[in-house]
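Quick notes on the structure that follows.
Numbering (the numbering used here), first residue to last: 10 to 244.
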């Protein structure tokens, strides 16, 4: 019988754990100012070096921000490039297009349904502009960019912050996925027409506030994209 060696956590990790626990229990909320390094070190009974390392780590994650001459605060808004990078890297490392397609479909279908309920007039206008671009743009790279913007706008129009964060956490991977799929699909002119029609139906459902229609049209679009991917693998 062998026992595993027990490692004592580093002090700064315990500091991080306590700050996270206070956030979890709402003792710290967005915008709250943290005590100074000296005060934190005194209250926690640790060195200022440990506190400094903990704050540096939390800052790298975007959970806290330091303002010169003011102090350190719990972030009120989260920089997307920091917040989403860990999950994006995980998806890249997993390199499983089928799982990505499944996750993307779940997120996008729900985003479309919520957007039908909640999209603002400005967001509908932006989506409408994308539809115009779909109809008149001919270049592959431009169409891929429009496609990406269209889906991102729908995620934002869901007005569900956590859902948007989940979508955005795989944004970079999804973007590559959209580009790859679009180049694959538009190699056949008939597919380009189908894509344009599908996006128009999605937009019309969202603009009409048709939740069920938005759900169904987005699901149809996701099935089409996935079928073309599967055909490419089989071919």
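C-beta: ideal position from N, C-alpha, C; glycine also.
Since this is a predicted model, take the numbers as computed values, not measurements.
For the pair residue 216 and residue 36, the Cα-to-Cα distance works out to about 41 Å. Residue 85 sits close to residue 40, with the two beta carbons spaced by under 7 Å. Considering only 155, 227, 61, 116, the residue with the shortest C-alpha distance to residue 169 is 116.
In the displayed model, residue 129 falls within coil according to three-state DSSP, outside both helix and strand. Non-local C-beta neighbours of residue 128 in its own chain, meaning closer than 7 Å and more than five positions away in sequence, comprise 166, 215, ordered along the chain. A direct Cα-to-Cα measurement between residue 56 and residue 78 gives close to 22 Å. Distances from the CA of residue 80 to each of 66, 54, 70, 48 were compared; the closest alpha carbon is that of 48.
At a Cβ-Cβ threshold of 7 Å, residue 224 and residue 118 count as neighbours. Burial state of residue 130 is exposed, judged by a 10 Å Cβ sphere holding fewer than 16 other Cβ atoms. The three-state reading of DSSP puts residue 73 in strand, counting E and B together. Look at residue 222 here: in three-state DSSP terms it is helix. Between residue 63 and residue 21 a beta carbon distance of about 4 Å is seen, short of the 8 Å cut, so the two are scored as contacting. A direct Cα-Cα distance of roughly 14 Å separates residue 68 from residue 42.
Following the DSSP letters along the chain, one finds residue 24 inside the alpha helix (DSSP H) bounded by residues 20-33. For residue 226 and residue 146, the gap between their C-alpha atoms comes out near 22 Å. Between residue 46 and residue 61 the beta-carbon gap is near 6 Å, inside 8 Å, which marks them as a contact. Between the C-alpha atoms of residue 44 and residue 51 there is a straight-line separation of about 10 Å. In its chain, beyond the 5 residues on either side, 205 have a beta carbon closer than 7 Å to the beta carbon of residue 144.
The beta carbons of residue 231 and residue 114 sit closer together than 7 Å.
If the five residues before and after residue 124 are omitted, its C-beta is found closer than 6 Å to the C-beta atoms of 163, 166, 167, 215, all from its own chain and listed in chain order. When DSSP states are grouped into helix, strand and coil, residue 39 belongs to the coil group. Here residue 132 is buried: its Cβ has 16 or more other Cβ atoms, across all protein chains shown, within 10 Å. When the five nearest sequence neighbours on each side are left out, the beta carbons in the same chain lying within less than 7 Å of the beta carbon of residue 219 are those of 125, in order along the chain.
In the three-state scheme derived from DSSP, where H, G and I count as helix and E and B as strand, residue 68 is classed as helix.
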